[in-house]
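Trainee: All residue numbers for the sequence shown refer to our numbering, where the first residue is 19 and numbers rise by one. Every residue, glycine too, gets a C-beta built ideally from N, C-alpha and C. Being a predicted model, the structure only gives us computed values, none of them experimental. The structure under discussion is supplied below as structure tokens; questions concerning it will follow.
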Amino acid sequence: MTSAPPGLTIRPLSGAQELGLFRRLTYVLDHELADDLAAGRRRPEWMWVALRGERVVGRLSWWTGESDGVPRLLDFFDLDDTLPEPERGEIGLRLLETATAAVLPAGRTRPEYGRFVPPGWREDPVARDVVEARIRVMEASGARMLVERLRLEWRAGTPVPPDSGRLLFRPVAGREDLVALMAPVMEGTLDAHGRAELASGLDTRQAARKQYDEEFARLRTPRAWWRIAELPGGEPVGFVVPARNNYHPMIAYIGVLPAHRGHGYVDDILAEGTRVLAAEGVDRVRAATDLGNVPMAQAFARLGYVNFERAFDMVWG
Numbered sequence: 019m020t021s022a023p024p025g026l027t028i029r030p031l032s033g034a035q036e037l038g039l040f041r042r043l044t045y046v047l048d049h050e051l052a053d054d055l056a057a058g059r060r061r062p063e064w065m066w067v068a069l070r071g072e073r074v075v076g077r078l079s080w081w082t083g084e085s086d087g088v089p090r091l092l093d094f095f096d097l098d099d100t101l102p103e104p105e106r107g108e109i110g111l112r113l114l115e116t117a118t119a120a121v122l123p124a125g126r127t128r129p130e131y132g133r134f135v136p137p138g139w140r141e142d143p144v145a146r147d148v149v150e151a152r153i154r155v156m157e158a159s160g161a162r163m164l165v166e167r168l169r170l171e172w173r174a175g176t177p178v179p180p181d182s183g184r185l186l187f188r189p190v191a192g193r194e195d196l197v198a199l200m201a202p203v204m205e206g207t208l209d210a211h212g213r214a215e216l217a218s219g220l221d222t223r224q225a226a227r228k229q230y231d232e233e234f235a236r237l238r239t240p241r242a243w244w245r246i247a248e249l250p251g252g253e254p255v256g257f258v259v260p261a262r263n264n265y266h267p268m269i270a271y272i273g274v275l276p277a278h279r280g281h282g283y284v285d286d287i288l289a290e291g292t293r294v295l296a297a298e299g300v301d302r303v304r305a306a307t308d309l310g311n312v313p314m315a316q317a318f319a320r321l322g323y324v325n326f327e328r329a330f331d332m333v334w335g
């Protein structure tokens, strides 16, 4: 048990049997917690609560995509929003700093903090208060906002246009086949995570290989779904990575090479990726794009993807 202000206890869960305690506060991902624990994507020692007597006044949890013992994302951070400020923020900061010191190795850069929020959160006073309270605590701990993203969804029954015939599609031949196209796509990218990788000193090919190894190589769905788009003469135009993660089918990545932007090819490529997943009989396809990437957001909208939620990512360092 860790030290805390008088009347406040901050500790990890003692085991999966305390999941009910953790669920006394709520968040949109609560339904995933039991499966995540069973699969090793979460661990009780990564799931912390702040208690005032029997009352849960704060909670947080890290997540990992693999059972490798390394927290990769802070994706739960909830506070008792009936508490006034500055008390709510003080509890949140103490919870965050206490749990971080206990869970993460000294000197390691903290994993991103990500949160899903309602699409119109700025216009809803209650939702805005909840979101901004979390942001204030993160900023007080040294984090900064990296990006706000649109979360999008195609639903079964939404028409997908037939292949226009402008492009030919072939499966990705292997890692370097895709990396060779990902690298030029990163030139002038509007994606905040891609820009951050380049700002860290990586060149476009290094950043592409890192993204492939950390994200795409871990996808368990068939690589035969992945498509490279070419002109009839064989010149590559772009690519799309339809896949499924632990939770839903998705468009993991889509890109158009700089030389071919501005011709509407993104619509053809997105339609192909969506057709691949629709052919598997899925009831929905998820995707996301940065709020500032207006051309990509418009492409999703043209194909009938609905903005059902937003998300923001904050980083340290």
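Take R29 as the anchor and find which of A57, E298, W64, R41 has the nearest alpha-carbon.
Mentor: Of the candidates A57, E298, W64, R41, the one whose C-alpha sits nearest the C-alpha of R29 is W64.
Trainee: Take L288 and list the residues in its own chain whose beta-carbon comes closer than 8 angstroms to its own, dropping the five residues that flank it on each side.
Mentor: Counting only Cβ-Cβ distances below 8 angstroms, and skipping sequence neighbours, we find V258, I269, I272, A317, F318, L321.
Trainee: I'd like to check one pair, N325 with L208: are the Cβ atoms closer than 8 angstroms?
Mentor: Contact: no.
Trainee: In terms of alpha-carbon separation, which member of A217, A145, A226, A329 lies closest to R167?
Mentor: Out of A217, A145, A226, A329, A329 has the C-alpha closest to the C-alpha of R167.
Trainee: Pull up the distance between the alpha-carbon of E36 and that of G87, whole angstroms please.
Mentor: Their backbone Cα atoms lie some 20 angstroms apart in a straight line.
Trainee: Using DSSP with H/G/I as helix, E/B as strand and the rest coil, what is G183?
Mentor: G183: coil per DSSP, three-state reduction.
Trainee: From T20 to V74, what distance separates their C-alpha atoms?
Mentor: Note that T20 has pLDDT 42, beneath the 50 cutoff, so the model's placement of it is unreliable and the number below is only indicative. Computed Cα separation, rounded: 16 angstroms.
Trainee: List the endpoints of the continuous alpha helix (DSSP H) containing T239.
Mentor: Element bounds for T239: n/a, residue is neither H nor E.
Trainee: Terminal residues of the continuous beta strand (DSSP E) containing T292?
Mentor: From DSSP, T292 is part of no beta strand (DSSP E) but of the alpha helix (DSSP H) over 283-296.
Trainee: What whole-angstrom Cβ distance do P267 and L237 have, given they're in contact under 8 angstroms?
Mentor: P267 to L237, Cβ: 11 angstroms. No contact.
Trainee: State yes or no: is the C-beta of A2 within less than 8 angstroms of the C-beta of D99?
Mentor: Shown here, the chain extends from 19 to 335; a query on residue 2 therefore has no answer.
Trainee: Measuring only the C-alpha atoms, how far is R106 from R112?
Mentor: So the alpha carbons of these two residues sit roughly 10 angstroms apart.
Trainee: Relative to the C-alpha of R162, which candidate in F187, P180, R128 has its C-alpha closest?
Mentor: Looking at the Cα atoms, R128 is the closest of the given residues.
Trainee: Quick one, are the C-beta atoms of S79 and L114 less than 8 angstroms apart?
Mentor: In this structure, L114 does not lie closer than 8 angstroms to S79 by Cβ.
Trainee: Work out the CA separation of G76 and V284 for me, nearest whole Å.
Mentor: So the alpha carbons of these two residues sit roughly 43 angstroms apart.
Trainee: Specify the secondary structure class of L164 as computed by DSSP and reduced to three states.
Mentor: DSSP places L164 in strand when its eight states are reduced to three.
Trainee: Could you please give me the residues that DSSP links to E108 through a beta bridge?
Mentor: BP columns for E108 are empty, so no partner.
Trainee: Given 8 angstroms as the limit, is there contact between the stretch 244-255 and the stretch 184-193, that is, 3 or more CB pairs closer than that?
Mentor: Yes: the two stretches touch, three or more of their Cβ pairs being nearer than 8 angstroms.
Trainee: From the DSSP output, read off the bridge partner residues of N264.
Mentor: For N264, which the question treats as bridged, DSSP gives no partner whatsoever.
Trainee: Taking the Cβ atom as the reference point for each residue, do V135 and V155 lie within a distance shorter than 8 angstroms?
Mentor: Not closer than 8 angstroms, so no.
Trainee: Would you mind listing the beta strand (DSSP E) stretches within the stretch 123-151 that are 3+ residues and don't spill past its ends, in chain order?
Mentor: Counting only runs of 3 or more, we get 130-135.
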